[in-house]
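Chains as they are written, first to last, in UniProt numbering: chain A, 1 to 298; chain B, 1 to 298. The C-beta atom is built at its ideal place from N, Cα and C for all residues, glycine as well. All figures in this text were calculated on a predicted structure; none of them were measured in a lab. Taking it in order: structure first as structure tokens, then the write-up.
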DNA sequence: ACTGGATCATGAATTTCTCTCAACAAAACC
DNA sequence: GGTTTTGTTGAGAGAAATTCATGATCCAGT
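Written out as structure tokens, the structure is:
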């Protein structure tokens with residue numbers, strides 16, 4: 001065994017690097033500054049006497065050495081997670097329940113894979129979805145009706161409720177390619193004034209656009225609803241109005257040129273997603289694992 | 001992936017714990033204080049909510065959780081070492097030579113397994129033994145005639161020569177069961193006065209006993225030589241004299257009651273083994289790995 | 001049961017490291 | 001060519017692991 005400076009955090013970094021394709025995004029993923037990663041990698045590369053990836057390519061490309069260490073990282077992470085799950089199930093008795101409350105429709109896109117992975121790894125934990133569309137999800141946690149809520153922005157601290165950041169994303173305006181506003185580099189709230197906002201059938205203040213973009217500017221466009229993301233896009237493409245969705249949820253359609261996306265405001269509208277859990281459960285390994293799975297997007 | 005406090009150092013600790021069977025010996029093995037390990041393990045056990053091994057049994061017994069993590073540790077260490085060897089061979093070109101000089105006969109007992117493992121892992125490195133029995137091994141390194149020397153005690157720093165601690169051991173006196181001195185709890189230098197010292201055919205000052213025990217007290221017993229450890233034991237058992245050998249090298253014979261061992265001095269004679277290497281090579285991964293293999297005893 | 005020695009635990013202080021911060025360099029992108 | 005994104009670097013702050021000193025516990029041998 002070579003005494004090496006390789007630590008778990010380096011393995012996490014490598015995986016995040018491969019998953020995100022850039023230093024700065026990898027830094028977000030592991031909740032440190034990109035400066036930290038730069039230092040980390042400099043040290044590693046110094047130790048191995050070789051660069052681990054080519055900088056300045058998008059996405060970055062690993063060198064042979066980097067790729068080998070990345071493979072190691074994936075193996076080790078997998079093995080470690082497995083061992084720790086086993087131990088946790090012996091120690092914790094294996095039981096438990098996890099009732100998930102969600103307030104945003106698009107969340108299901110990433111929630112489903114995470115839930116699937118979870119079910120496989122924690123078969124003894126009862127996993128349920130409780131609708132969060134009527135009540136505020138966080139109050140469901142507070143009252144004990146849910147064990148896990150996905151909420152927007154950092155929630156105000158409440159007694160008995162722990163929170164953890166999940167990830168951030170950008171919500172963008174979606175327009176038909178032929179829409180007049182498609183010429184602008186970005187959209188202002190006023191641009192929505194005469195338009196129809198196409199969205200999921202939820203309350204106004206459950207929508208990122210309304211809460212953080214339109215409402216502050218006093219703009220209240222007409223609304224039209226659709227249950228499914230594809231349906232919304234259909235309406236947008238046929239010129240029935242504008243939508244506002246998380247950038248990643250429409251990635252595929254943008255690449256095909258089906259519709260176009262525009263930032264909301266000059267610097268875009270970034271939204272943060274947080275998890276809220278009962279403090280009594282926050283330390284449970286299966287809950288922490290669930291959070292981790294969501295962060296990794298699987 | 002559960003975000004866990006499990007770090008590489010913890011895995012090293014677990015393996016050392018299993019190999020040595022006690023906290024304090026494991027601490028020696030990883031070159032930290034026993035206190036450090038105690039803290040480490042307390043943290044780990046706190047995290048997993050379960051003890052990892054039963055204390056106060058000799059050797060210690062792992063719990064189910066501890067055993068699982070130990071298995072993980074072994075896996076991860078193996079995978080990591082393998083990956084790093086590959087990377088090192090790509091980066092370093094794979095070549096190199098390793099000429100080993102040794103000054104003590106018993107060293108071969110642990111050197112051979114280490115060399116065997118090394119040959120397997122670094123097939124491209126030329127591994128040779130150069131006799132260190134005529135010259136002082138460390139000067140062979142200094143003159144460039146050897147790349148690796150095993151020496152006693154911490155060597156005085158020399159220009160261009162790097163040193164690294166290998167391990168410590170106790171050398172004990174070996175007597176026939178019927179020998180009068182076998183009644184004493186420990187032997188003083190004076191006890192050797194009228195006796196015959198049976199040892200390997202090397203200079204006086206190459207023997208731990210002489211250099212650190214007898215010579216300082218001005219005692220110079222008669223000497224009689226044998227090439228092989230078994231031969232020495234033979235002579236001892238038949239009452240021809242006393243030997244002084246590393247405790248671990250005669251372990252098997254002691255258990256069978258073939259001979260008896262006595263500490264040299266009231267608190268025993270502990271010897272330290274060091275490696276001396278050219279500074280220019282000290283950082284080479286294959287050299288560090290060789291050191292590591294020796295420390296692990298394989 | 002008592003004593004001596006070895007093994008392990010604990011708390012405070014220190015050292016060691018990593019991270020962040022802030023300013024800079026280098027690309028990339030209009 | 002300016003402007004924005006992305007990565008680098010050095011210094012300082014903060015956290016965490018280690019050591020040191022000491023106390024508790026356990027086992028062996030009488």
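Discussion item. Tell me the rounded alpha-carbon separation between residue 268/A and residue 217/A.
Written reply: As a first step, residue 268/A is located in the first chain; it is residue number 268 there, counting from the start. As a first step, residue 217/A is located in the first chain; it is residue number 217 there, counting from the start. Between residue 268/A and residue 217/A, the C-alpha separation is close to 15 Å.
Worksheet item: Which same chain residues, not among the five before or five after residue 34/A, have their C-beta less than 7 Å away from its C-beta?
Response: As a position in the first chain, residue 34/A is number 34, starting the count at 1. Answer for residue 34/A: 23, 24 and 27, listed in chain order.
Practice prompt. Figure out for me which residue from 147/A, 162/A, 168/A and 143/A has the closest Cα to the Cα of residue 153/A.
Written response: Locating residue 153/A in the first chain gives position 153, counting from the first residue. Checked all of 147/A, 162/A, 168/A and 143/A; the closest Cα to residue 153/A is 168/A.
Worksheet item: Within 10 angstroms of its Cβ, does residue 277/A collect 16 or more other Cβ (buried), or is it exposed?
Response: Against the first chain, residue 277/A aligns to sequence position 277. That one is buried.
Worksheet item: Can you tell me the Cα-Cα spacing of residue 248/A and residue 17/A, whole angstroms?
Response: For the purposes of this step, residue 248/A is taken as the residue at position 248 of the first chain. For the purposes of this step, residue 17/A is taken as the residue at position 17 of the first chain. Near 18 Å, if we compare the C-alpha coordinates of residue 17/A and residue 248/A.
Worksheet entry | Cβ-based burial, residue 191/A [other Cβ within 10 Å; buried from 16] | Taking the first chain and counting its residues from 1, one reaches residue 191/A at position 191. Buried is the call here.
Worksheet item: For residue 160/B versus residue 279/B, is the C-beta distance shorter than 7 Å?
Response: Here residue 160/B refers to the residue found at position 160 of the second chain. Here residue 279/B refers to the residue found at position 279 of the second chain. The answer is yes: Cβ separation under 7 Å.
Item to complete: Give the residues from the segment 243-262 of chain B that approach chain A closer than 8 Å (Cβ to any Cβ), ordered along the chain.
Response: none
Worksheet item: Under 7 Å Cβ-Cβ, which residues of chain A neighbour residue 48/B?
Response: Stepping through the second chain from its first residue, residue 48/B is reached at position 48. Those within 7 Å of residue 48/B in chain A are 87 and 91.
Worksheet item: Does residue 40/B have its Cβ less than 7 Å from a Cβ in chain A?
Response: Reading the second chain from its first residue, position 40 is the one you call residue 40/B. Chain A, which has no Cβ nearer than 7 Å to the Cβ of residue 40/B, makes this no.
Worksheet item: How would you write the range of the beta strand (DSSP E) that residue 224/B sits in, first residue to last?
Response: Here residue 224/B refers to the residue found at position 224 when the second chain is read from its first residue. Looking at the DSSP string, the run of the beta strand (DSSP E) that includes residue 224/B is 222-225.
Worksheet entry | Runs of beta strand (DSSP E) lying entirely within the segment 202-277 of chain A, each at least 3 residues, in chain order | 222-225, 242-246 and 260-263
Practice prompt. Can you say whether residue 53/B is buried or exposed, counting buried as having 16 or more other CB atoms within 10 angstroms of its CB?
Written response: As a first step, residue 53/B must be located in the second chain, where it is residue number 53. By the 10 Å Cβ count, residue 53/B comes out buried.
Worksheet item: So which residues of chain A does residue 75/B contact, with C-beta pairs closer than 8 Å?
Response: Taking the second chain and counting its residues from 1, one reaches residue 75/B at position 75. Those within 8 Å of residue 75/B in chain A are 79.
Fill in: residue 260/B vs residue 253/B beta-carbon contact at 7 Å
Here residue 260/B is taken as the residue at index 260 of the second chain, counted from 1. Here residue 253/B is taken as the residue at index 253 of the second chain, counted from 1. Not a contact, by the Cβ cut-off of 7 Å.
Worksheet item: From what residue to what residue does the alpha helix (DSSP H) around residue 172/A run?
Response: Start at 1 with the first residue of the first chain, and residue 172/A comes out as number 172. That residue, residue 172/A, is in no alpha helix (DSSP H); its beta strand (DSSP E) goes 161-175.
Worksheet item: Along chain A, in chain order, which residues have C-beta atoms closer than 9 Å to that of residue 7/B?
Response: Translated into positions along the second chain, residue 7/B becomes position 7. In chain order: 7, 8 and 9.
Worksheet item: Within the 7 Å Cβ cut-off, does residue 54/B reach chain A?
Response: The sequence position of residue 54/B within the second chain is 54, counting from 1. No, its Cβ sits nowhere closer than 7 Å to a Cβ of chain A.
Worksheet item: Straight-line CA distance for residue 110/B to residue 294/B?
Response: Within the second chain, the letter at position 110 stands for residue 110/B. Within the second chain, the letter at position 294 stands for residue 294/B. Cα-Cα distance, rounded: 7 Å.
Item to complete: Compare the C-beta of residue 279/A against all C-beta atoms of chain B and say whether one is closer than 7 Å.
Response: Start at 1 with the first residue of the first chain, and residue 279/A comes out as number 279. With 7 Å as the cut-off, residue 279/A does not count as an interface residue toward chain B.
Item to complete: Report the rounded CA-to-CA distance for residue 121/B versus residue 8/B, giving the unit in angstroms.
Response: As a position in the second chain, residue 121/B is number 121, starting the count at 1. As a position in the second chain, residue 8/B is number 8, starting the count at 1. Answer to the nearest angstrom: the Cα atoms are 21 Å apart.
Fill in: Closer than 7 Å at the beta carbon, the chain B residues around residue 234/A
Along the first chain, read from residue 1 onward, the residue named residue 234/A stands at position 234. Correct list: empty, because the minimum Cβ distance to chain B is about 38 Å.
Worksheet item: Do the segment 81-91 of chain A and the segment 218-226 of chain A meet, that is, are 3 or more Cβ pairs less than 8 Å apart?
Response: no
Worksheet item: Does the beta-carbon distance from residue 79/B to residue 75/A come in below 7 Å?
Response: By one-based count along the second chain, residue 79/B stands at place 79. By one-based count along the first chain, residue 75/A stands at place 75. A contact, by the Cβ cut-off of 7 Å.
Discussion item. For a minimum of 3 consecutive residues, which ranges assigned as the beta strand (DSSP E) are wholly contained in the segment 58-120 of chain A?
Written reply: 97-102
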